[in-house]
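Chains as they are written, first to last, in the working numbering: chain A, 41 to 309; chain B, 5 to 262.
Just so you know, even glycine gets a beta-carbon here, dropped at the ideal spot from N, CA and C.
To keep things clear, I will list the structure first and then write my remarks on it.
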Amino acid sequence: MNTTRSEGDASLLEVQHVRKVYSSGGTEFEAIRDLDFRVSDGEFLCIVGPSGAGKTTLLRCIGGLLDVTSGSVSLAGARVTSPPEGMAIVFQEYGRSLFPWLTVRQNVELPLREKKVPATRRAELVSDALEAVGLAHVPDSYPWQLSGGMQQRVAIARAVAYQPRILLMDEPFAAVDAQTRAELEDLVFSLWKSLQVTVVFVTHDIDEAIYLGQRVLVLSNSPTSVLEDVPIPLPKARDQLRTRSLPEFNELRQKIHRLVQTAKRTMIT
Amino acid sequence: MNTLLRRVLFAVGLPVILVTLWWFVSAGSTSFFWPPLRAIVETFPETWLSGRLLSDVVPSLVRLFIGYGVALAIGIVAGVALGLSRTLRDYAEPTLEFLRAMPPPVLVPVIMLFAGIGDEMKVAVIALGCIWPVLLNTVEGVRAIDEVLADTARSYRLSVPTRLMTLVLRSASPQIVTGARQSLSVGIILMVISEMFAASNGLGFAIVQFQRGFEMPEMWSGVLLLGLIGVILSVIFRAFEAWVLRWYLSIQRIEQRV
């Protein structure tokens, strides 16, 4: 289980016995029972689980957008209680995470202005980020003038320009078509390799998780705990066709699929 | 260009028909209270363009703009505060409902007691009436801010001022503008009413003066002028709206096409 985080590198993100209970008007709902895992610096971790497994809740807890009921989340040793520095989140709802009254360039630039990055450096970061996601030609368009896939690219460019240490992605490609999805997967994968950023990628798509991750965390149904931590020993160079037709890929898919099915069944009992 | 022409024709079509109708129906009128439109139009320039424009129209508009401006400022600031804080909302809502239900003209005699019969009274009446639409719409607009967008702003650690300007006010701007538009028409009504009570100048004052002096064509010309001012203000407002909400209106157009 420890194969992928050998190398002795320190863990960047530590999720320790996190429990999250929502309570409203006397009724309590235990979304997360006990989640405990570490993410090392530079790792690409995918989290899969059946729908309703509290994946988004978990990501919001990690992102400091939601308080944990007990346990703790730490980033680089510092406890996360509000959105920490050096963390960027890409949400599933790209259309709702971009400011519609700002142009593509302004959207990417806004967090950098807040970080007080000097203007020349800012312009550089913005154009590099737009270049990296293949949107150098539309800086002055508004997000709603772009297709869904392009909007998500803007959100990714914003995250990239922010230069985070850790990038959280919450089912970022669940709402785009299959073709675009494959393109965006390759984009994120190549960005991860070139930027050496740590990525925590939540998805309900098992293939996507295996394709992208160095490690896949399979979650149980709600109340959530870690069902299994699956290392992905695939070659680091990924290719949509070749990687996905490897026999190892198929084995991993079957294994994780069975785990998710088990998770679903445990819900019924 | 063709569609623009059509839109202009559509916009002025009905007024042209109504005015023509008025013109011919009233042409032979001998009634003292219903003078021919021709007589009204003839008295218009001498009544309004020689002196009264400065002595009556301008003071009225100045009061309107000050009262309206004060209402917008307070309405938006209070609306944002109420929209963001649930506690504040629970605390203030019953009071606001009560105040809103009170017709502003009723306040004129009351306000006269402490603000006198000068400009302060009129500005206060206009402001008190105008505040509700903009305040309540702002509250709704702020409450409806998209959660994902708010989370995005938080996760990128945008500062409070930036969040207020870039997220809250911009998100709520469609509703704020709707409220401001309603407030403007309330403001025009209150401008006239406040001047009818106790005033020494202003449009409402002039119209009442004419009526009391049995100067019927002059009185009617004042009514026409008020209508024209209303139309002009609404055209200006629309231009402002189109500019502030250009992103929002464009999105709506795209969504309608789909």
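| Item | Value |
| --- | --- |
| Tell me ILE233(A)'s beta-bridge partners as DSSP assigns them. | For the record, residue 233(A) in the displayed sequence is Lys; it is not Ile. According to DSSP, LYS233(A) bridges with nothing at all. |
| Which value, in whole angstroms, describes the spacing of the CA atoms of ARG100(A) and LEU207(B)? | 59 angstroms |
| Which residue from SER187(A), PRO183(A), GLY253(A) and ARG205(A) puts its Cα closest to that of GLU125(A)? | ARG205(A) |
| Would you say TRP251(B) reaches chain A, if we count a Cβ-Cβ gap shorter than 8 angstroms as a contact? | yes |
| Can you pull the chain B neighbours of TYR182(A), defined as C-beta to C-beta under 8 angstroms? | TRP251 and SER254 |
| I need the straight-line Cα distance from LEU85(A) to ILE80(B), nearest angstrom please. | 45 angstroms |
| Between ILE236(B) and chain A, is there a C-beta pair that is closer than 8 angstroms? | no |
| Within 10 angstroms of its Cβ, does VAL16(B) collect 16 or more other Cβ (buried), or is it exposed? | exposed |
| Is the shortest distance between the beta-carbon of GLY103(A) and the beta-carbons of chain B less than 8 angstroms? | yes |
| Apart from the five residues on each side of it in sequence, which residues of its chain come closer than 8 angstroms, Cβ to Cβ, to SER181(A)? | THR143 and VAL144 |
| Tell me whether GLY17(B) sits in a helix, a strand or coil according to DSSP, three-state version. | helix |
| Grab me the residues of ARG45(A)'s own chain with a C-beta within less than 6 angstroms of its C-beta, minus the 5 sequence neighbours each way, in chain order. | Only weak support is given to the placement of ARG45(A): the predicted model assigns it a pLDDT of 41, under 50, and the value that follows is read from those uncertain coordinates. Counting only Cβ-Cβ distances below 6 angstroms, and skipping sequence neighbours, we find SER80. |
| Just to confirm my understanding: we take ARG93(B), look at its own chain, exclude 5 residues before and 5 after, and list those with CB closer than 6 angstroms. What are they? | LEU86 |
| Which word fits LYS126(B), buried or exposed, when buried means at least 16 other C-beta atoms lie within 10 angstroms of its C-beta? | buried |
| Leaving out the 5 sequence neighbours to the left and right, which residues in its chain are closer than 8 angstroms to ALA249(A) when beta-carbon positions are compared? | CYS86, ILE87, VAL88, PHE241, THR243, VAL256 and ILE296 |
| Report buried or exposed for GLU47(A), applying the criterion of at least 16 other Cβ atoms within 10 angstroms of its Cβ. | For GLU47(A), the predicted structure reports a pLDDT of 45, less than 50, and the residue's modelled location is therefore unreliable. The matter cannot be settled from this model. |
| Output yes if chain A places a C-beta closer than 8 angstroms to the C-beta of ARG161(B); else output no. | yes |
| Which chain B residues are close to TYR202(A), counting only those with a beta carbon under 8 angstroms from its beta carbon? | TYR160 |
| Terminal residues of the continuous alpha helix (DSSP H) containing MET190(A)? | 188-201 |
| At what residues does the beta strand (DSSP E) containing THR264(A) begin and finish? | 264-271 |
| Which of the three DSSP states, helix, strand or coil, is assigned to VAL300(A)? | helix |
| To the nearest whole angstrom, what separates the beta carbons of LEU132(B) and PRO108(B), a pair I think is in contact under 8 angstroms? | 6 angstroms |
| Give the straight-line distance between the Cα atoms of MET220(B) and ASP150(B), rounded to the nearest whole angstrom. | 55 angstroms |
| If we ignore side chains and look at the alpha-carbon of each, how far apart do GLU50(B) and SER35(B) end up? | 22 angstroms |
| At a Cβ threshold of 8 angstroms, is SER137(A) touching chain D? | Considering every chain present, this structure includes no chain D. Its protein chains are A and B. |
| Using a beta-carbon distance below 8 angstroms, is PHE117(B) in contact with chain A? | Strictly speaking, residue 117(B) in this sequence is Leu, with Phe absent from that position. No, LEU117(B) does not count as interfacial toward chain A. |
| By how many angstroms is the C-alpha of VAL164(B) removed from the C-alpha of LEU106(A)? | 18 angstroms |
| Using only alpha-carbon positions, find the residue among GLY82(A), LEU75(A) and ASP279(A) that is nearest to GLU13(A). | Outside the shown range of chain A, which is 41 to 309, sits residue 13(A), and nothing can be said about it. |
| Count the C-beta pairs between the stretch 57-64 of chain B and the stretch 191-209 of chain B that are closer than 8 angstroms, then say yes if the count reaches three, no if not. | yes |
| Just verifying my parser: in three-state terms, what is the DSSP assignment at GLY111(A)? | strand |
| To the nearest angstrom, how far is it from the Cα of GLY83(B) to the Cα of MET169(B)? | 14 angstroms |
| With DSSP run on the structure shown, which of helix, strand or coil describes ALA128(A)? | strand |
| Straight-line CA distance for GLY24(A) to ILE196(A)? | Absent from the model: residue 24(A). The displayed extent of chain A is 41 to 309, so no value can be given. |
| Measuring CB to CB, does ILE130(B) end up less than 8 angstroms from GLY226(B)? | no |
| To the nearest angstrom, how far is it from the Cα of LEU276(A) to the Cα of GLN236(A)? | Here residue 276(A) is Lys; the residue named in the question, Leu, does not match the sequence. Looking at the two C-alpha atoms, the distance is approximately 13 angstroms. |
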